[in-house]
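Residue numbers (my numbering), protein chains in the order written: chain A, 30 to 460; chain B, 6 to 150. Beta carbons are placed, not taken as given, at the ideal position from N, Cα and C, and that holds for glycine. See below for the structure under consideration.
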């Protein structure tokens, strides 16, 4: 007699990202009959909120889409609007935006590694329990996270929903003494970042090799953050304005979030995809430190995402130091001259590419906008991974084990729901 | 004694009660404590409290009479009564700080009933100021334990 198990995993999502998520898992006998990850994504609403608003309002509004990666939303938006206005803020602003982004990667990645991912790999239920056994590692992680926050504050005045960015640049240029003080702290932390990479490489992660398509930005001579061309591990190479020619969003009946596909297939965005596609763009000391761990990239083990995050922390720290070493205050912005037009922005949020399209009118008001966040892009890939990972894990495992494995798989993507997946509930019905 | 009064929560809606508290307390605590508001700091709470011997944390409280002021114990926080909308909330941050040995010598937790609506309820700020002053001068070495 076949056994039917109806498993529902509820993912109560952070209120500040206005989201809700649920994993519905139906197992019949030895196969998954239905697996649906439902995530509600807020940017759908923000797109309408933005219509009719002036360009000056946009950076503060889009920052509210996410409390963990507000810099990414601000950067994609200002790049898109500046393209629509045919503006070039110049090299100083470009450098400071890259520095700003380094701060966001540092704080977001450090948070995920130490409070979310590492407890999974080390067998702790919570980060607090892990901290009792690994206090130095957690302390180091929180220190790196705080350095990221300090970089964001330097340019954005505050680390959550920063207010320093504007179309054309920043509202103020950091004082040289503040930049120098931060530079000293960043330099002192370099050994911490190197040690972090070694530590994460040593964590016992499942050996889970999969076949998936990686998508990221790529730059001629630097690791991508604020700009670049869209590339994939299957040979895609296109300008960001051509995104819609290959990437499609569609409504899945079970979800209020839009799913995304690349040429009708799921794809991965985020640190593992970025590192796989940009290994040769890492600063040499960062690449050398990674290679010394013995872990080989490109990697198709999804659980190497945590190591990719650690490498990007090292990369961001190294880049932030480089950018601050030559720091001189300058005119922090250029004035915008609004004109009617369409512009595109695509930047590498901590969780992957964040694509924006803004149409502006001649007064500089938003006519319409299109925002594609990384979590929505990864949603189909997460479902694909869950199908494969849970089947490989063994569907005959106890419901609690299945739930924990599903949480681990989901959390590994660092989706905006990742924190809440600690609260997954499993209801098992046997027939 | 170096003291911090920290209002936490969203700056919007009823959750902004921590921010309103900091505004209301500022004239009462000049020279007595540093005051700061923070939008759901999560683990960053530890960095905000670093260097202080005493921290008074004020947050919105669900399930209490609107506008009522309560001094809470740490174990009451575990029930997620504070509006810790990020899942790594005040209780988690304090537990992490405890595990790492990084808490100020004294941590005082104050919750204010936020009510059900989007607008913060009226609060008797004089009552809150009196409570905060009394806790700052209390002899109890670890109020939150």
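Under the three-state reduction of DSSP output, residue 92 (chain A) falls in the helix class. Within the stretch 155 to 216 of chain A, complete alpha helix (DSSP H) segments of at least 4 residues are found at 156 to 162, 164 to 185, given in chain order. Every unbroken stretch of the beta strand (DSSP E) spanning 3 or more residues and falling wholly within the stretch 22 to 109 of chain B is given here in chain order: 39 to 43, 59 to 66, 74 to 77. Proximity of residue 44 (chain B) to chain A, defined by a Cβ-Cβ separation below 7 Å, is satisfied.
Note on residue 6 (chain B): under 16 other CB atoms within 10 angstroms of its CB, so exposed under the neighbour-count rule. The C-beta of residue 197 (chain A) has 16 or more other C-beta atoms within 10 Å across all chains shown, which makes the residue buried. In its chain, beyond the 5 residues on either side, 212 have a beta carbon closer than 7 Å to the beta carbon of residue 354 (chain A). Of all C-beta pairs linking the stretch 226 to 240 of chain A to the stretch 204 to 218 of chain A, fewer than three are shorter than 8 Å, placing the two stretches out of contact.
Straight across, the Cα-Cα distance linking residue 379 (chain A) with residue 133 (chain A) is about 7 Å.
Those residues of the stretch 156 to 168 of chain A placed with their C-beta closer than 7 Å to a C-beta in chain B are 156, 157, 160, 161, 164, 167, 168, ordered along the chain. DSSP places residue 244 (chain A) inside the beta strand (DSSP E), whose first and last residues are 244 to 247.
The beta carbon of residue 19 (chain B) sits no closer than 7 Å to any beta carbon of chain A.
At least 7 Å separates the CB of residue 324 (chain A) from every CB of chain B.
For the pair residue 409 (chain A) and residue 296 (chain A), the Cα-to-Cα distance works out to about 8 Å. In its chain, beyond the 5 residues on either side, 37, 38, 39, 57, 58, 59, 60, 61, 141 have a beta carbon closer than 8 Å to the beta carbon of residue 8 (chain B).
Residue contact with chain A for residue 105 (chain B): present (Cβ-Cβ distance below 7 Å to some residue of chain A).
Taken through DSSP and simplified to helix, strand or coil, residue 389 (chain A) comes out as strand.
In terms of Cβ geometry, residue 184 (chain A) and residue 352 (chain A) do not form a close pair [threshold 7 Å]. Across the stretch 83 to 114 of chain A, CB contacts with chain B closer than 8 Å involve 96, in sequence order along the chain. Taking a Cβ-Cβ cut-off of 9 Å, residue 57 (chain A) has no neighbours in chain B, whose nearest Cβ is about 32 Å from it.
Close partners of residue 175 (chain A) in chain B (Cβ separation under 8 Å): 49, 52.
Its chain contains 318, 321, 322 as the residues whose beta carbon lies nearer than 8 Å to that of residue 227 (chain A), once the 5 sequence neighbours on both sides are disregarded; these appear in chain order. Of A:349, A:392, A:190, A:348, the smallest CA-CA separation from residue 369 (chain A) is found for A:392. One thing to note: residue 113 (chain A) has its Cβ within 7 Å of the Cβ of residue 389 (chain A). Runs of the alpha helix (DSSP H) lying entirely within the stretch 73 to 126 of chain A and spanning at least 4 residues, in chain order: 87 to 92, 99 to 113. For residue 101 (chain B), at least one C-beta of chain A is nearer than 7 Å to its own C-beta. Secondary structure at residue 315 (chain A): helix, using DSSP grouped into helix, strand and coil. Closest by C-alpha distance to residue 12 (chain B), out of B:93, B:64, B:19, is B:64. Look at the stretch 233 to 307 of chain A and you find these whole runs of alpha helix (DSSP H), each 4 residues long or longer: 272 to 275, 300 to 307. Put simply, the CB of residue 244 (chain A) is far from chain B, with every gap to its CB atoms at 7 Å or more. For the 7 Å CB-CB criterion, residue 156 (chain A) and residue 144 (chain A) form a contact. A Cβ-Cβ contact shorter than 7 Å links residue 48 (chain B) with residue 171 (chain A).
Pairing residue 384 (chain A) with residue 442 (chain A), the inter-Cα distance amounts to about 18 Å. Residue range 370 to 378 is occupied by the beta strand (DSSP E) that includes residue 378 (chain A).
Neighbourhood of residue 97 (chain B) in chain A, by CB distance below 7 Å: 157, in chain order. The beta carbon of residue 189 (chain A) falls within 7 Å of a beta carbon belonging to chain B, placing the residue at that interface.
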